[in-house]
Amino acid sequence: MQVTSTTLSLTVDDVAASRDFLVDHFGYRERVVAEGFVSLGRDDAAVDIVLLRRGIEVLPEGLRDQSAAGVIVALVVADLAAQEARLRREGVPITMPMQEEEWGERLFQVTDPNGVVIQLVEWVEGGRSWAGDRS
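Residue numbers (the working numbering): 1179 to 1313.
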């Protein structure tokens, strides 16, 4: 099996609000747009994101009324402190402040208007921070 891309599909009440949040603050851009649907992507290794309006008929009947809950979209970045400062300047509330876990993960979280948690992560190994290739 060869995976050519990865997409996370999230069901939300207000597709435009989540789209604007990801476009304005995280560099995503619209790839495909339709009523109650938007596909977002970036040109780097970030996961593509599809936003579906809760209740949309393309969802299986048992899932139509559910919305994204308990999902954290984690983006590994370089210079985490600079990203936190940028988001603060842009007026994005930090919903979980910067912290470092004992296993070497430094992170903070923000939450979009639909309650989707975006976590920015920087891995610290041997006192040095690294992002991207972990081989």
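Even glycine gets a Cβ: it sits at the ideal position worked out from N, Cα and C.
Identity of the residue in Phe1286, Ser1245, Thr1189, Leu1265 nearest Phe1215 by Cα: Of Phe1286, Ser1245, Thr1189, Leu1265, the residue nearest in Cα terms is Thr1189.
Quick check on DSSP: helix, strand or coil for Arg1242? DSSP places Arg1242 in coil when its eight states are reduced to three.
Could you tell me the distance, in whole angstroms, from the CA atom of Val1201 to the CA atom of Ser1217? Using only the alpha carbons, I get a separation of about 11 Å.
Measure from the alpha carbon of Ala1223 to the alpha carbon of each residue in Tyr1206, Glu1283, Val1211, then state which is nearest. Ranking Tyr1206, Glu1283, Val1211 by Cα distance to Ala1223 puts Tyr1206 first.
Can you check whether the CB of Phe1286 is closer than 8 Å to the CB of Glu1262? Result yes, Cβ atoms of Glu1262 and Phe1286 sit closer than 8 Å.
Straight-line CA distance for Thr1273 to Asp1290? Between the alpha carbons of Thr1273 and Asp1290 lies a distance of about 10 Å.
With DSSP run on the structure shown, which of helix, strand or coil describes Arg1231? In this structure, DSSP gives Arg1231 an extended state, which the three-state scheme calls strand.
Let's test the definition: count the other Cβ atoms within 10 Å of the Cβ of Ile1227 and tell me whether it reaches 16, buried, or not, exposed. So Ile1227 counts as buried.
For Ala1348, write down the residues that DSSP places opposite it in a beta bridge. One cannot answer for residue 1348 here, as it falls past the ends of the chain, which runs 1179 to 1313.
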